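Here the structure is laid out as structure tokens; the discussion comes afterwards.
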Amino acid sequence: AQKVTQTQTSISVVEKTTVTMDCVYETRDSSYFLFWYKQTASGEIVFLIRQDSYKKENATVGHYSLNFQKPKSSIGLIITATQIEDSAVYFCAMREGPYTGYQNFYFGKGTSLTVIP
Amino acid sequence: GGIITQTPKFLIGQEGQKLTLKCQQNFNHDTMYWYRQDSGKGLRLIYYSITENDLQKGDLSEGYDASREKKSSFSLTVTSAQKNEMAVFLCASSPTNSGNTLYFGEGSRLIVV
Chain A
1 AQKVTQTQTS ISVVEKTTVT MDCVYETRDS SYFLFWYKQT ASGEIVFLIR QDSYKKENAT
61 VGHYSLNFQK PKSSIGLIIT ATQIEDSAVY FCAMREGPYT GYQNFYFGKG TSLTVIP
Chain B
1 GGIITQTPKF LIGQEGQKLT LKCQQNFNHD TMYWYRQDSG KGLRLIYYSI TENDLQKGDL
61 SEGYDASREK KSSFSLTVTS AQKNEMAVFL CASSPTNSGN TLYFGEGSRL IVV
């Protein structure tokens, strides 16, 4: 069974609007970390934002923010005021077992975002 | 800052051939990873290593070997290349401390002829 699921394969939005990308995860750990990454057309993968499971406040970095709903095992990525250069594939990931040395990251299949002028 | 360097960027080989990808990082990170990316399937873990000479199998380890002889380097060998495993292979590293993100290399594309 997949541990991280992104159900939206692709999304198109008009520039300067807001977009939300969905992600649900599955874990038995009481403490874990959730990440969003961006893969550009060149193939480069960069880290965007992180949510610690024990924090109630949603993380925010620049025009990226998260909608963390722990009871639903859901971590949505919100991009406000989208720009053309936000067009990319976005991956959701989960890191389990931070205190046991277990280092595996689980990735979703990605959501392709196209921002239209 | 630091960088992860993967070589070669394109690896072309014949079916059945043994092929090796190399990865170097200068972050001084403890943990290194090899992921395979197929179109539409996201990233799947092949091997990871939490320290020098350590190897841990991921979900996709069959058909691959890995080697971590130094902290800074992690190599991946395709033991017998097949046409259905043409993909992009991504090396990544991370500090051991909880919550730290992955840092990725630029990827190596495997082409089997």
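Taken in sequence, the protein lines are chains A and B. The opening position of the first sequence corresponds to residue 1 in the numbering used here, with each subsequent residue numbered one higher. The opening position of the second sequence corresponds to residue 1 in the numbering used here, with each subsequent residue numbered one higher. A virtual CB, placed ideally from N, CA and C, is assigned to each residue, including glycine. Note that the structure is predicted; figures quoted are calculated from it, not measured.
Once the 5 residues before and after residue i are set aside, which same chain residues still bring their CB inside 8 Å of it?
| i | result |
| --- | --- |
| Val-13 (chain A) | Val-19, Thr-82, Leu-113, Thr-114, Val-115, Ile-116 |
| Asp-54 (chain B) | Arg-68 |
Cutting at 7 Å between CB atoms, please list the residues of its own chain near residue i, excluding the five before and the five after it.
| i | result |
| --- | --- |
| Thr-100 (chain A) | Only weak support is given to the placement of Thr-100 (chain A): the predicted model assigns it a pLDDT of 49, under 50, and the value that follows is read from those uncertain coordinates. Hits under 7 Å: none found. |
| Leu-90 (chain B) | Tyr-35, Gln-37, Leu-43, Phe-104, Gly-105, Gly-107 |
| Leu-60 (chain B) | Arg-36, Arg-44, Leu-45, Ile-46 |
| Gln-17 (chain B) | Ala-81 |
What does the Cβ neighbour count give for residue i, buried or exposed, with the cut at 16 atoms within 10 Å?
| i | result |
| --- | --- |
| Gly-110 (chain A) | buried |
| Glu-15 (chain A) | exposed |
| Gln-14 (chain B) | exposed |
| Lys-38 (chain A) | buried |
| Arg-28 (chain A) | exposed |
Using the Cα positions of residue i and residue j, report the straight-line distance between them to the nearest angstrom.
| i | j | result |
| --- | --- | --- |
| Leu-77 (chain A) | Ser-65 (chain A) | 6 Å |
| Ile-111 (chain B) | Gln-24 (chain B) | 21 Å |
| Thr-40 (chain A) | Gly-108 (chain A) | 16 Å |
| Glu-26 (chain A) | Ser-53 (chain A) | 12 Å |
| Tyr-48 (chain B) | Ile-3 (chain B) | 18 Å |
| Gly-43 (chain A) | Lys-57 (chain B) | 25 Å |
| Ile-12 (chain B) | Tyr-33 (chain B) | 22 Å |
| Glu-96 (chain A) | Phe-105 (chain A) | 7 Å |
| Ser-60 (chain A) | Ile-49 (chain A) | Position check: residue 60 (chain A) holds Thr in this sequence, whereas Ser was assumed. When rounded, the distance between both Cα atoms is 7 Å. |
| Ile-11 (chain A) | His-29 (chain B) | 35 Å |
| Lys-41 (chain B) | Ser-73 (chain A) | 21 Å |
| His-63 (chain A) | Thr-80 (chain A) | 5 Å |
Tell me whether residue i sits in a helix, a strand or coil according to DSSP, three-state version.
| i | result |
| --- | --- |
| Glu-85 (chain B) | helix |
| Lys-72 (chain A) | helix |
| Ile-3 (chain B) | coil |
| Asp-59 (chain B) | coil |
| Asp-65 (chain B) | strand |
Just list the residues that DSSP pairs residue i with in beta bridges.
| i | result |
| --- | --- |
| Ser-30 (chain A) | In DSSP, Ser-30 (chain A) forms no bridge with anything. |
| Ser-93 (chain B) | B:Met-32, B:Tyr-103 |
Closer than 6 Å by C-beta to residue i: which residues in its own chain qualify, once you throw out the five before and the five after it? Chain order, please.
| i | result |
| --- | --- |
| Ser-73 (chain B) | Gln-24 |
| Leu-102 (chain B) | Ala-92, Ser-94 |
Using a Cβ-Cβ cut-off of less than 7 Å, give me the residues of the stretch 28 to 53 of chain B that come near chain C, in sequence order.
The structure shown contains no chain C; its protein chains are A and B.
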